[in-house]
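Asker:
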Amino acid sequence: MNDQTLDPQIHVATLGRNARDAARGLLSASTDAKNKALREAAKALRNATAELLEANAQDVKSVEGKKPESFIDRLRLTEDRIEGMAGALEEIAELPDPVGRELATFERPNGLTIQRVAVPIGVIGMIYESRPNVGADASALCLKSGNAVILRGGSESRHSTRVIVDSMR
Numbered sequence: 000m001n002d003q004t005l006d007p008q009i010h011v012a013t014l015g016r017n018a019r020d021a022a023r024g025l026l027s028a029s030t031d032a033k034n035k036a037l038r039e040a041a042k043a044l045r046n047a048t049a050e051l052l053e054a055n056a057q058d059v060k061s062v063e064g065k066k067p068e069s070f071i072d073r074l075r076l077t078e079d080r081i082e083g084m085a086g087a088l089e090e091i092a093e094l095p096d097p098v099g100r101e102l103a104t105f106e107r108p109n110g111l112t113i114q115r116v117a118v119p120i121g122v123i124g125m126i127y128e129s130r131p132n133v134g135a136d137a138s139a140l141c142l143k144s145g146n147a148v149i150l151r152g153g154s155e156s157r158h159s160t161r162v163i164v165d166s167m168r
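Under numbering that gives the first Met the number 0, the first residue of the sequence shown is numbered 0, with each subsequent residue one higher.
(1) Cβ of Q57 less than 7 Å from any chain B Cβ?
(2) Considering only residues of the same chain and omitting the five flanking positions on each side of A47, which have a CB-CB separation below 7 Å?
(3) For E93, report the span of its beta strand (DSSP E) as first-last.
(4) Assuming I163 is part of the alpha helix (DSSP H), what are its boundary residues?
(5) Check whether the segment 128-143 and the segment 4-11 are in contact - that is, three or more C-beta pairs closer than 8 Å.
(6) Please classify S159: is it buried, with 16 or more other beta-carbons within 10 angstroms of its beta-carbon, or exposed?
(7) Compare the C-alpha of L44 against each of E155, D96, A85 and E89 and name the closest.
(8) Based on the DSSP secondary-structure assignment, which residues constitute the bridge partners of R23?
(9) Please list, in chain order, all residues of the same chain as A103 whose beta carbon is under 8 Å from its beta carbon, the five residues on each side excluded.
(10) Counting only the same chain and skipping the five closest in sequence on each side, list residues whose C-beta sits under 8 Å from that of R38.
(11) For G152, count neighbouring C-beta atoms within 10 Å of its own C-beta (all shown protein chains included) and say buried if the count is 16 or more, exposed if not.
(12) Just the C-alpha distance for F105 and P97, rounded to the nearest angstrom, thanks.
(13) If you draw a straight line from the alpha carbon of N34 to that of A147, how long is it in whole angstroms?
(14) So, L76 versus S129, is the Cβ gap smaller than 7 Å?
(15) Identify whether M0 lies in helix, strand or coil by the three-state DSSP scheme.
(16) Does the beta-carbon distance from V122 to A22 come in below 7 Å?
(17) What separation, rounded to the nearest whole angstrom, lies between the Cα atoms of D20 and R168?
(18) If we count the other Cβ atoms within 10 Å of its Cβ and call it buried at 16 or more, is R16 buried or exposed?
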């Protein structure tokens, strides 16, 4: 069964349950494990460059003459843009882990100390249009912050987005 034959409510509910389960798994992921996953995803994107360029060519062809050139430019991937996506994942891996960071501490008059600590939200939904690189960026930021993500890219970038997501898994 493919995505188009599913009842949308059932499909979204299934995605939500799967993402919730993934989010629970991320709660125990160490900083090192998350950073390693991000570096591996960057490597996988680089390895998928040829496949990604081919998929992106399909996406671009489907909108040529129907969308403005500025839209097509945002949609278009090149080897340099793919390298930029991979580089961004590596940069995110180098960022400090936000999970567990103390944001504020308060001492109550009765001596009770209260701390505000950064924790994952759980599941984040992201809807975006023609820029296929947004899926990679959003996935990386969510992983780094310990969150699962449900991505919904624009139909114009569906071939590119599928290759990006599949290569990063």
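Note that beta-carbon positions come from the ideal geometry of N, C-alpha and C, so glycine has one too.
Answerer: The short version:
(1) In the displayed structure, chain B is absent; only one protein chain is listed.
(2) V162 and S166
(3) Note, E93: premise wrong, no beta strand (DSSP E); alpha helix (DSSP H) at E78 to E93.
(4) R157 to M167
(5) no
(6) buried
(7) A85
(8) Beta-bridge pairing links R23 to no other residue.
(9) Q114 and R115
(10) L88, E89 and A92
(11) buried
(12) 20 Å
(13) 15 Å
(14) no
(15) Note that M0 has pLDDT 46, beneath the 50 cutoff, so the model's placement of it is unreliable and the number below is only indicative. Note: M0 maps to coil in three-state DSSP.
(16) yes
(17) 15 Å
(18) exposed
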